[in-house]
Amino acid sequence: MNIFVAGHQGMVGKAITQRLQDQGHEVLTRTRAQLDLTDQTAVRRFLSQQHIDEVYVAAGKVGGIHANSQYPAEFLYDNLAIASNLIHGSFVAGIRRLLYLGSSCIYPRMAAQPMREEALLSGTLESTNEPYAIAKIAGIKLCETYNRQYGHSHGIDFRSVMPTNLYGPGDNYHPENSHVLPALLQRFHDAKTLGWPEVQVWGSGKARREFLYVEDLADGCLHVMNMDKRSYDANVEPTNSHINIGTGQEVSIEDLAALICTVVGYTGEIRFDASRPDGTPRKLLDVSRLDRMGWKHRVPLVEGVYRTYADFLNAVPRNRQAHYG
3 MNIFVAGHQG MVGKAITQRL QDQGHEVLTR TRAQLDLTDQ TAVRRFLSQQ HIDEVYVAAG
63 KVGGIHANSQ YPAEFLYDNL AIASNLIHGS FVAGIRRLLY LGSSCIYPRM AAQPMREEAL
123 LSGTLESTNE PYAIAKIAGI KLCETYNRQY GHSHGIDFRS VMPTNLYGPG DNYHPENSHV
183 LPALLQRFHD AKTLGWPEVQ VWGSGKARRE FLYVEDLADG CLHVMNMDKR SYDANVEPTN
243 SHINIGTGQE VSIEDLAALI CTVVGYTGEI RFDASRPDGT PRKLLDVSRL DRMGWKHRVP
303 LVEGVYRTYA DFLNAVPRNR QAHYG
């Protein structure tokens, strides 16, 4: 098939592109300079001029607590524009199959753990990333409503997956705009290299998170997309059709920091700054729906962090700059 991967330069897009190519598909890509995904006219023109069988929406503006707090308008607008342009643009261009990638932050801050797909819209979102979460929820609902309105008449089959926290080769290691695992890896590496006696970590260290290696995510995405429609529909509901992708396992930030210290070889002190926000207390996905659909992750956290640090060491100059998928 001829498949367009939006966001192929980001960590997730790279992993999906590689897996699709490994399976023999032709993968169509465009850089941000070639195609601005927030430009509706440009996106619609591009999609209508290509012979595309499937679209993977792995593009978006992403970042951690600090980035979300500093740029809330950009996180909301850019991600809303990308989702609406690609989803509606695909429909207009006659592209019937699409996979939209969201985020586990779509669930309420105090959702029961582990978080089932049915928890969506059942409570208040985490304030530190509410704009990003709202944009991602809109993308899910766009896919669902196009399926409901045009599934039978036009053969539309738009699917959504909600990954947990991701990490792996090609991650963003910016000290302020990255997610917690790559940010800690960068910080402890710098501390070891520069001989810092201690490293300060935001929050109390008690918050718990789930982490999925990005190559596992790519496998999970292709598994969902490759399912025949009857099997897929048997596991979802028309108004609750997104699928969690994760490990079903969680670790405290304190234990994660200790693991990264071991991997990096840093022997100094770790100091937690409880005056800084922890974010959501827990974020563990219920992955039973995907388990019933025949998929489980393969890479344990320890192995994944070692692989990620090896990639980091091979690209240290690149890791000094912020980049978005």
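Per my numbering, the sequence shown starts with residue 3, numbered consecutively.
C-beta atoms are modelled at their ideal positions from N, C-alpha and C, and glycine is treated no differently.
In this text the structure is predicted, and so the values were computed from the model without any measurement.
Taking all protein chains shown into account, decide if P116 is buried (16 or more other Cβ within 10 angstroms of its Cβ) or exposed.
Looking at its Cβ environment, which holds 16 or more other Cβ atoms inside 10 Å, P116 is buried.
How is Q323 classed by DSSP in three states: helix, strand or coil?
Bear in mind that a pLDDT of 41 at Q323, under 50, signals an unreliable position, so the model cannot answer this.
Of the choices A61, N81, F190, whose alpha-carbon is the least far from that of I262?
The residue with the shortest Cα to Cα distance from I262 is F190.
I need the DSSP call for I5, collapsed to helix, strand or coil.
Strand at I5.
Please specify which runs of the alpha helix (DSSP H), each continuous and at least 4 residues long, are wholly inside the stretch 32–59, giving them in chain order.
Fully enclosed alpha helix (DSSP H) runs of 4 or longer: 42–51.
Could you tell me whether the stretch 73–87 touches the stretch 20–32, using the rule of 3 or more Cβ pairs below 8 Å?
Result no; under three Cβ-Cβ pairs closer than 8 Å.
Counting Cβ pairs closer than 8 Å, one from the stretch 10–21 and one from the stretch 60–75, do we hit at least three?
With a cut-off of 8 Å, the stretch 60–75 and the stretch 10–21 count as touching, because enough Cβ pairs lie within range.
Can you give me the start and stop residues for the alpha helix (DSSP H) that M13 sits inside?
Per DSSP, M13 belongs to the alpha helix (DSSP H) from 13–24.
Between the stretch 87–99 and the stretch 156–163, can you find at least three pairs of beta-carbon atoms closer than 8 Å?
Verdict: yes, contact present.
Going along the chain, which residues of its own chain have a beta-carbon closer than 6 Å to the beta-carbon of G207, five neighbours each way excluded?
These residues qualify, in order along the chain: I255, E256, F274.
What separation, rounded to the nearest whole angstrom, lies between the Cα atoms of H244 and T147?
Going from the Cα of H244 to the Cα of T147 covers about 12 Å.
Considering only residues of the same chain and omitting the five flanking positions on each side of F160, which have a CB-CB separation below 6 Å?
Excluding sequence neighbours, F160 sits near L100, C145, Y148, N149.
Just verifying my parser: in three-state terms, what is the DSSP assignment at Q115?
Coil at Q115, not helix or strand.
Determine whether the beta carbon atoms of A137 and N81 lie at a separation below 9 Å.
Yes, they are a contact pair.
Can you tell me where the alpha helix (DSSP H) holding R291 begins and where it ends?
It spans 290–294 - the alpha helix (DSSP H) in which R291 sits, taken as one unbroken run.
Starting from Q151 and walking both ways along the alpha helix (DSSP H), at which residues does that stretch end?
Unbroken alpha helix (DSSP H) run through Q151: 132–156.
Is any heavy atom in the ligand SAH found nearer than 8 Å to the beta carbon of D41?
The ligand SAH is absent from the structure shown, which contains no ligands of any kind.
Between which two residues does the alpha helix (DSSP H) containing D192 stretch?
Start and end: 182–196.
Taking buried to mean at least 16 other C-beta atoms within 10 Å of its own C-beta, is D221 buried or exposed?
Buried, by the Cβ-count rule.
Could you tell me whether the Cβ atoms of T310 and G248 are closer together than 9 Å?
No.
With a threshold of 16 other CB atoms inside 10 Å of the CB of T282, please say whether the residue is buried or exposed.
With 16 or more Cβ atoms within 10 Å of its Cβ, T282 is classed as buried.
Measuring only the C-alpha atoms, how far is H299 from Y109?
One C-alpha to the other measures close to 21 Å.
Of the residues G172, D230, K231, N246, which one's Cα is nearest the Cα of Q11?
When only C-alpha atoms are compared, the closest one is G172.
Based on DSSP bridge pairs, tell me the residues matched to Y169.
Answer by DSSP bridge pairing, in chain order: Y215.
Report all residues from its chain with a CB closer than 6 Å to the CB of I139; omit the five preceding and five following residues, and keep chain order.
Correct list, in chain order: I108.
Identify, in the order they occur along the chain, each residue of the same chain with its Cβ nearer than 6 Å to the Cβ of V266, setting aside the five sequence neighbours on each side.
The residues are F190, H191, K194.
Straight-line CA distance for L186 to Q202?
Rounded to whole angstroms, L186 to Q202 spans 10 Å at the Cα level.
Does M164 pass the burial test, meaning 16 or more other C-beta atoms within 10 Å, or should it be called exposed?
Buried is the call here.
For E239 versus K285, is the C-beta spacing smaller than 9 Å?
Contact: no.
Can you tell me where the beta strand (DSSP E) holding D275 begins and where it ends?
Element bounds for D275: 271–275.
Would you kindly work out how many angstroms separate the C-alpha atoms of N70 and M112, rounded to a whole number?
Cα-Cα distance, rounded: 19 Å.
When the Cα of L258 is compared with those of N246, N228, L292, A209, which residue comes out closest?
Taking only the C-alpha atoms, the option nearest L258 is A209.
Which residue wins for smallest C-alpha separation from S124, given the options N242, Y169, T269, V289?
With distances taken between Cα atoms, S124 lies closest to N242.
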